[in-house]
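2 protein chains.
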Amino acid sequence: MKVTVVQGIMDANKRVARANQALFARHRLLVLNLMSSPGAGKTALLERTIRDLRGELRIGVIEGDIQTSLDAERIERAGAAYAHQINTQGACHIDGNMIAPVIEEMDLGALDLLVVENVGNLVCPAEFDLGEDRKVVLFSVTEGEDKPKKYPLMFQESDLMLVHKIDLLPHLDTDLALIHRHALEVHPDLTILDLSCKSGQGLEAFYTWLRAEIARKRAAPA
Amino acid sequence: MKVTVVQGIMDANKRVARANQALFARHRLLVLNLMSSPGAGKTALLERTIRDLRGELRIGVIEGDIQTSLDAERIERAGAAYAHQINTQGACHIDGNMIAPVIEEMDLGALDLLVVENVGNLVCPAEFDLGEDRKVVLFSVTEGEDKPKKYPLMFQESDLMLVHKIDLLPHLDTDLALIHRHALEVHPDLTILDLSCKSGQGLEAFYTWLRAEIARKRAAPA
Numbered sequence: 100m101k102v103t104v105v106q107g108i109m110d111a112n113k114r115v116a117r118a119n120q121a122l123f124a125r126h127r128l129l130v131l132n133l134m135s136s137p138g139a140g141k142t143a144l145l146e147r148t149i150r151d152l153r154g155e156l157r158i159g160v161i162e163g164d165i166q167t168s169l170d171a172e173r174i175e176r177a178g179a180a181y182a183h184q185i186n187t188q189g190a191c192h193i194d195g196n197m198i199a200p201v202i203e204e205m206d207l208g209a210l211d212l213l214v215v216e217n218v219g220n221l222v223c224p225a226e227f228d229l230g231e232d233r234k235v236v237l238f239s240v241t242e243g244e245d246k247p248k249k250y251p252l253m254f255q256e257s258d259l260m261l262v263h264k265i266d267l268l269p270h271l272d273t274d275l276a277l278i279h280r281h282a283l284e285v286h287p288d289l290t291i292l293d294l295s296c297k298s299g300q301g302l303e304a305f306y307t308w309l310r311a312e313i314a315r316k317r318a319a320p321a
Numbered sequence: 100m101k102v103t104v105v106q107g108i109m110d111a112n113k114r115v116a117r118a119n120q121a122l123f124a125r126h127r128l129l130v131l132n133l134m135s136s137p138g139a140g141k142t143a144l145l146e147r148t149i150r151d152l153r154g155e156l157r158i159g160v161i162e163g164d165i166q167t168s169l170d171a172e173r174i175e176r177a178g179a180a181y182a183h184q185i186n187t188q189g190a191c192h193i194d195g196n197m198i199a200p201v202i203e204e205m206d207l208g209a210l211d212l213l214v215v216e217n218v219g220n221l222v223c224p225a226e227f228d229l230g231e232d233r234k235v236v237l238f239s240v241t242e243g244e245d246k247p248k249k250y251p252l253m254f255q256e257s258d259l260m261l262v263h264k265i266d267l268l269p270h271l272d273t274d275l276a277l278i279h280r281h282a283l284e285v286h287p288d289l290t291i292l293d294l295s296c297k298s299g300q301g302l303e304a305f306y307t308w309l310r311a312e313i314a315r316k317r318a319a320p321a
C-alpha cells in the first residue's frame with residue numbers, strides 16, 4: 100500500500116515535470132536545479148554569480164525553503180532579474196507542482212537563465228524532477244570525503260558537481276582528490292568543478308560551463 | 100488522501116516509538132537521537148567521545164545511513180561497546196520501526212548509553228520519534244547563521260544543540276552569537292554547547308551533560 104502511494108506521487112510529479120519542461124523549451128530557457136546540504140553555499144554562489152555576470156546574463160531564481168524569505172531577499176539585493184520565494188511549509192524538497200504556478204506567471208522570455216535553489220537536503224530533492232535541463236549538486240569540502248558514497252542518488256542524478264569552499268582546504272584534513280574519486284565511482288560521467296565564492300578561485304570555469312549550456316539550449320529545438 | 104496516508108505513517112511510528120521507549124525504560128538506558136546535516140561531524144564526535152570515555156562509559160551506537168557501513172566500521176574501531184549499521188535503502192531518516200528489531204536483539208543491560216546516529220538531513224529526521232530520551236542536533240559553524248530559522252522544526256524538537264567545528268571560526272565570517280540567537284528564537288529552552296572534536300574545546304562540558312543525563316535516567320522509574 101505504502102509503495103503504491105509513493106509511486107503515485109512520483110508518477111504525478113513526472114507528468115508535471117514534463118509540462119514544465121515543455122514550457123521551458125518553448126522559451127529555449129536554460130533551467131538548473133541547484134541542490135546541496137544545508138549551508139553548502141547555494142545562495143552565496145548565486146549572489147556572486149548574479150553580481151559577476153550582471154550586464155551579460157539576466158538570471159532569475161526560484162528559492163525553495165521550508166520557512167523564511169531570507170534567500171529571495173539576498174538574491175534580489177544581488178541584482179537578480181527575477182526572484183521568487185517558495186515556502187514548502189515543512190516539505191523537504193521542491194517538486195514540479197510547486198514551481199508550476201510560479202513559472203506560469205513569470206516572463207520566461209525575459210531571462211537567460213533560471214535557477215531553482217532547492218531545499219538544503221542531500222537526500223529527497225534528488226528524487227523529484229522539476230523539468231530542469233541540468234541538476235547541479237553543490238558540495239562543501241567541509242562535508243568530508245565519504246558523502247558521495249553515503250548519498251549516492253544525489254551524485255548519480257546530478258550532471259554537474261561543484262566542490263565549494265576550497266579556500267578552507269588549508270584548515271581541514273579533507274582530501275580533495277578523494278572527494279572527486281568517490282563522486283566518480285558513483286557517477287563516472289559527472290562533470291566536477293572546484294571553486295570558492297570567497298576567494299573567487301574556479302568561478303570563471305563555472306561561468307564558462309554556464310555560457311556553453313545557455314548556448315546549447317538556445318540552439319535546441321523548441 | 101495524501102495527508103491521510105502521512106498521518107497514518109506518523110501514528111504508526113508513534114506507537115512503535117512508545118514500545119521502544121518502554122524497553123529502554125526497563126533497562127534505565129539513556130538513548131540519544133543524534134541528528135545533523137551531512138558532514139557536520141556526527142561520527143567524528145562519537146568516535147572522540149567513545150575514545151575519551153572508554154573505561155568510564157559503555158557506549159553503543161546504531162548508525163543510520165542510506166548506504167555503506169563506513170560509519171559503523173569507524174565506531175567499532177573507536178572501541179564502542181556495540182555498533183550496528185542500518186541501511187535505509189533510500190529513506191531519508193531513521194524511524195522507530197527501523198530500530199525496533201535491532202534493540203530487541205541487543206543486550207541493552209550491557210550499556211550505559213545508546214546513541215542512534217540518524218541519516219544526515221536537517222529536515223525529515225526531526226519528524227520521527229524513535230523512543231529516545233533526548234534529541235540532539237549537531238550544527239557546524241560552516242553552515243551559516245540562518246539555518247535555525249530556515250529549518251525550525253529540527254531546532255524546536257531538539258533538547259540539546261551542539262555547535263561544532265568552532266576551531267574553524269577564525270577562517271570564516273560566521274557570527275557564533277548570531278547562531279545562538281537564531282536557535283533560541285525558535286526554541287527558547289534549547290541547551291547550547293559549543294565544541295570542536297579537532298581542538299577538544301568544549302568537549303568536557305558535553306561529557307558533563309552526558310553524565311548528568313545518564314544519572315537522571317538511572318534514577319527514573321522503570
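The listed protein sequences derive, respectively, from chains A and B.
Sequential numbering from 100 applies to the first sequence in this note's numbering.
Sequential numbering from 100 applies to the second sequence in this note's numbering.
Ideal Cβ placement from N, Cα and C applies to all residues, glycine included.
None of the values given here were measured: they were computed from a predicted structure.
Report task. Could you tell me how far apart the beta carbons of A/Ser239 and A/His270 are, in whole angstroms, since I believe they sit closer than 8 Å? Result -> In this structure A/Ser239 is not in contact with A/His270, their Cβ atoms being roughly 13 Å apart against a cut-off of 8 Å.
Requested in this report: Taking C-beta pairs closer than 7 Å, name the residues in chain A that B/Pro137 reaches, listed in chain order.
Outcome: Within chain A, the residues Ser136, Leu221, Glu242, Lys246 and Tyr250 have their CB atoms less than 7 Å from the CB of B/Pro137, given in chain order.
Query - Inter-stretch contact at 8 Å, needing at least 3 Cβ pairs: the region 126-134 of chain A / the region 196-212 of chain A - result: As far as the Cβ criterion goes, the region 126-134 of chain A touches the region 196-212 of chain A, which means the pair count is three or higher.
Requested in this report: Under 9 Å between beta-carbons, which chain A residues line up against B/Leu267? List them in chain order, please.
Outcome: What B/Leu267 touches in chain A: Thr241, Leu267, His270 and Leu271.
Query - Members of the region 160-173 of chain A that neighbour chain B once the beta carbon cut-off is set at 7 Å - result: Those residues of the region 160-173 of chain A that come within reach of chain B (Cβ to Cβ, closer than 7 Å) are Asp164, Ile165, Gln166, Thr167 and Leu169.
Query raised in the report: Does A/Val218 come within less than 8 Å of chain B when only Cβ atoms are used?
Result: It does: the Cβ of A/Val218 has a partner Cβ on chain B nearer than 8 Å.
Query raised in the report: Of all the CB atoms in chain A, is at least one closer than 8 Å to the CB of B/Cys296?
Result: Not an interface residue.
Query raised in the report: Going by beta carbon distance, what residues of the same chain come within less than 6 Å of A/Ala314, once the five residues before and after it are set aside?
Result: Nothing listed; no residue qualifies.
Query raised in the report: Could you check where the alpha helix (DSSP H) with A/Gly285 kicks off and where it finishes?
Result: It should be noted that the sequence gives Val, not Gly, for residue 285 of chain A. Annotation for A/Val285: the continuous alpha helix (DSSP H) segment containing it runs Leu275 to Val285.
Query - Reduced DSSP secondary structure (H/G/I, E/B, other) of B/Val222 - result: DSSP places B/Val222 outside both helix and strand once states are collapsed to three, so it counts as coil.
Requested in this report: Could you give the DSSP three-state label for A/Phe227: helix, strand or coil?
Outcome: DSSP places A/Phe227 in coil when its eight states are reduced to three.
Report task. Kindly indicate which three-state DSSP category A/Met134 falls into: helix, strand or coil? Result -> For A/Met134, the three-state secondary structure derived from DSSP is strand.
Query - Opposing strand residues paired with B/Leu261 [DSSP bridges] - result: Looking at the DSSP assignment, B/Leu261 forms a beta bridge with B/Leu237 and B/Leu292.
Report task. Reducing DSSP to helix, strand and coil, say where A/Ile161 ends up. Result -> The DSSP-derived three-state label of A/Ile161 is strand.
Query - Assigned secondary structure, B/Ile185 (DSSP; H/G/I helix, E/B strand, else coil) - result: Of the three classes helix, strand and coil, the one that applies to B/Ile185 here is strand, per DSSP.
Report task. Determine the direct distance from the alpha carbon of A/Tyr306 to that of A/Met197, and round the result to whole angstroms. Result -> Their backbone Cα atoms lie some 28 Å apart in a straight line.
**Report entry** B/Glu216 in three-state terms, based on DSSP
**Finding:** In the structure shown, B/Glu216 falls within a strand segment according to DSSP collapsed to helix, strand and coil.
Query raised in the report: Opposite A/Leu129 in the DSSP bridges: which residues?
Result: Beta-bridge pairing by DSSP links A/Leu129 to A/Leu212.
**Report entry** Endpoints, alpha helix (DSSP H) assigned at A/Asp245
**Finding:** Run containing A/Asp245: none; DSSP gives neither H nor E here.
Requested in this report: Since I believe A/Glu244 is in contact with A/His286 (beta carbons under 8 Å), could you give me their beta-carbon distance rounded to a whole number of angstroms?
Outcome: Rounded, the Cβ-Cβ distance is 15 Å, inconsistent with contact.
**Report entry** Per-residue burial, B/Lys316 [other beta carbons within 10 Å of its own, 16 or more giving buried]
**Finding:** A residue is called buried once 16 or more other Cβ atoms fall within 10 Å of its Cβ, and B/Lys316 is buried on that count.
Report task. Look at the alpha carbon of B/Gly159 and the alpha carbon of B/Leu212, and state the distance between them as a whole number of angstroms. Result -> In this structure, the straight-line span from the alpha carbon of B/Gly159 to that of B/Leu212 is close to 6 Å.
Report task. Just the C-alpha distance for B/Gly138 and B/Asp170, rounded to the nearest angstrom, thanks. Result -> Rounded to whole angstroms, B/Gly138 to B/Asp170 spans 12 Å at the Cα level.
Requested in this report: Starting from the Cα of A/Lys249, find the closest Cα among B/Asp266, B/Leu309, B/Glu146 and B/Cys191 and give me that residue.
Outcome: Nearest Cα to A/Lys249 within the set B/Asp266, B/Leu309, B/Glu146 and B/Cys191: B/Cys191.
Query - Residue closest to A/Val235, alpha-carbon to alpha-carbon, out of A/Ser136, A/Gln120 and A/Asp164 - result: It is A/Ser136 whose Cα lies nearest to the Cα of A/Val235.
Query - From A/Ile149, A/Ala276 and A/Leu289, residue whose alpha carbon lies closest to that of A/Met253 - result: For the residues A/Ile149, A/Ala276 and A/Leu289, the minimum Cα distance to A/Met253 belongs to A/Leu289.
Query raised in the report: Among residues of its own chain, excluding the 5 on either side of A/Asp232, which ones have a beta-carbon nearer than 8 Å to its beta-carbon?
Result: Counting only Cβ-Cβ distances below 8 Å, and skipping sequence neighbours, we find Phe123, Leu129, Val130, Leu131, Glu312 and Lys316.
**Report entry** Terminal residues of the alpha helix (DSSP H) in which B/Glu204 lies
**Finding:** Per DSSP, the continuous alpha helix (DSSP H) segment holding B/Glu204 begins and ends at Gly195 to Glu204.
Query raised in the report: Ends of the alpha helix (DSSP H) at A/Leu144?
Result: Run containing A/Leu144: Lys141 to Asp151, per the alpha helix (DSSP H) assignment.
Query - Exposure label - A/Leu309; buried when at least 16 CB within 10 Å - result: Buried.
Query - Contact check, A/Glu226 vs A/Gly163, beta carbons under 8 Å - result: Judged by beta-carbon spacing, A/Gly163 lies beyond the 8 Å limit of A/Glu226, meaning their Cβ atoms are not closer than that value.
**Report entry** Residue range of the alpha helix (DSSP H) that includes B/Glu303
**Finding:** Residues Leu302 to Ala318.
Query - Neighbourhood of B/Val115 by C-beta, 6 Å cutoff - its chain only, sequence neighbours within 5 removed - result: Cβ within range, chain order: Gly195, Asn196 and Ala199.
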